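Peer 1: Let me begin by handing over the structure; questions about it come next.
Residue numbers (my numbering): 65 to 289.
Rendered as structure tokens:
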């Protein structure tokens with residue numbers, strides 16, 4: 065049976081910003097959609113999250129919660145250069161690497177056959193993780209059997225994980241909280257208000273009404289699931 069891995073370089077634009085300003089790592093820091101007082105928060109580090117600063121929040125509101133807040137923007141060109149550099153590194157670990165076009169920082173790798181080159185899939189994932197860390201990118205690696213199963217696990221876990229059976233992957237997937245995915249804040253809030261707390265709840269929704277009720281992003285995610 066084929067194996068699929070997902071690499072999630074968490075909040076990649078935020079990591080790029082903090083590489084540019086390492087002195088901000090001990091302070092609340094956010095990435096904005098535009099470098100203006102009317103900007104909106106896209107990503108925040110753990111210090112910002114501890115002050116209840118969330119994606120989708122106006123910059124002015126975030127600043128009222130953390131006066132020492134540091135902020136900046138990350139150009140699309142910077143993100144594309146990072147995606148290209150990471151893709152090149154990942155090609156050292158798999159013959160097939162696919163960067164996500166929907167979510168920058170997510171990559172899928174064909175993990176089939178890696179058990180013949182490494183002591184285990186856990187060892188392969190650890191080598192991959194360490195290589196990205198050497199490039200100053202923190203990532204989570206999830207090795208499973210499907211694109212969405214490995215994706216959900218990579219988003220939901222703080223450490224790399226390897227599934228050994230499709231049933232194990234599916235069971236884990238259904239219990240992942242919706243808030244662990246990088247959904248648009250408005251979509252996330254609507255789902256939570258309706259009591260759709262987990263990916264299992266979301267997957268069980270009838271496909272025919274997803275786009276009409278929740279929009280294109282939800283329909284694309286549901287189709288992938």
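Ideal placement from N, C-alpha and C gives every residue a C-beta, glycine not left out. None of these values were measured; they are calculated from a predicted model.
(1) What residue range is occupied by the uninterrupted beta strand (DSSP E) comprising residue 70?
(2) How about residue 70 and residue 206: do their beta carbons lie closer than 8 Å?
(3) Leaving aside the five residues before and after residue 282 along the sequence, list all residues of the same chain whose C-beta is less than 7 Å from its C-beta, in chain order.
(4) Straight-line CA distance for residue 256 to residue 180?
(5) So residue 67 and residue 185 are in contact, right, with Cβ under 8 Å, and what is the actual spacing, rounded?
(6) Going by the beta-carbon positions, is the gap between residue 112 and residue 133 smaller than 8 Å?
(7) Mark residue 102 as exposed unless 16 or more other C-beta atoms lie within 10 angstroms of its C-beta, in which case mark it buried.
(8) Under the DSSP definition of a beta bridge, which residues are partnered with residue 226?
(9) Name the two residues that bound the continuous alpha helix (DSSP H) containing residue 98.
(10) For residue 81 and residue 99, I'd like the C-alpha separation in whole angstroms.
(11) Along the chain, where does the beta strand (DSSP E) containing residue 136 start, and where does it finish?
(12) DSSP three-state label for residue 249, please.
(13) Buried or exposed: where does residue 85 fall if 16 or more other Cβ atoms within 10 Å of its Cβ makes it buried?
(14) Assess, as a yes-or-no matter, whether the stretch 141–158 is touched by the stretch 169–177 under the definition of 3 or more beta carbon pairs within less than 8 Å.
(15) Secondary structure at residue 163, three-state DSSP: helix, strand or coil?
(16) Using beta-carbon positions only, say whether residue 192 and residue 157 come within less than 8 Å of one another.
Peer 2: Let's see:
(1) As a first step, residue 70 is located in the chain shown; it is residue number 6 there, counting from the start. Bounds of the beta strand (DSSP E) holding residue 70 are 68–73.
(2) Here residue 70 corresponds to residue number 6 of the chain shown, with the count starting at 1. Here residue 206 corresponds to residue number 142 of the chain shown, with the count starting at 1. Yes, these two residues count as a Cβ contact at 8 Å.
(3) As a first step, residue 282 must be located in the chain shown, where it is residue number 218. In the same chain as residue 282, and ignoring 5 residues on each side of it, the C-beta atoms closer than 7 Å to its own belong to 251 and 274, in chain order.
(4) On the chain shown, position 192 is the one that residue 256 refers to. On the chain shown, position 116 is the one that residue 180 refers to. Between the alpha carbons of residue 256 and residue 180 lies a gap of roughly 43 Å.
(5) The residue given as residue 67 occupies position 3 in the chain shown. The residue given as residue 185 occupies position 121 in the chain shown. Separation of the CB atoms of residue 67 and residue 185 is rounded to 7 Å, and the pair is thereby assigned contact status at 8 Å.
(6) Here residue 112 refers to the residue found at position 48 when the chain shown is read from its first residue. Here residue 133 refers to the residue found at position 69 when the chain shown is read from its first residue. In this structure, residue 112 lies near residue 133, with their beta-carbon atoms less than 8 Å apart.
(7) Taking the first residue of the chain shown as position 1, residue 102 is located at position 38. By the beta-carbon neighbour count (other beta carbons within 10 angstroms, threshold 16), residue 102 is exposed.
(8) Walking along the chain shown from the start, residue 226 turns up at place 162. Beta-bridge pairing by DSSP links residue 226 to 207.
(9) Your numbering for residue 98 matches position 34 in the chain shown. Annotation for residue 98: no alpha helix (DSSP H) segment contains it, and DSSP assigns it neither H nor E.
(10) Here residue 81 refers to the residue found at position 17 of the chain shown. Here residue 99 refers to the residue found at position 35 of the chain shown. Looking at the two C-alpha atoms, the distance is approximately 13 Å.
(11) For this step, residue 136 is matched to residue 72 along the chain shown. According to the DSSP assignment, residue 136 belongs to the beta strand (DSSP E) that extends over 134–136.
(12) The sequence position of residue 249 within the chain shown is 185, counting from 1. Annotated three-state conformation of residue 249 is helix, per DSSP.
(13) Looking up residue 85 in the chain shown gives position 21. Residue burial annotation: residue 85 is exposed, with fewer than 16 other C-beta atoms found within 10 angstroms of its C-beta.
(14) Judged by Cβ distances under 8 Å, the stretch 169–177 makes contact with the stretch 141–158, as three or more pairs qualify.
(15) If you number the chain shown from 1, residue 163 lands on position 99. In this structure, residue 163 counts as strand in the three-state DSSP scheme.
(16) Along the chain shown, one-based indexing puts residue 192 at 128. Along the chain shown, one-based indexing puts residue 157 at 93. For residue 192 and residue 157, yes; Cβs fall inside 8 Å.
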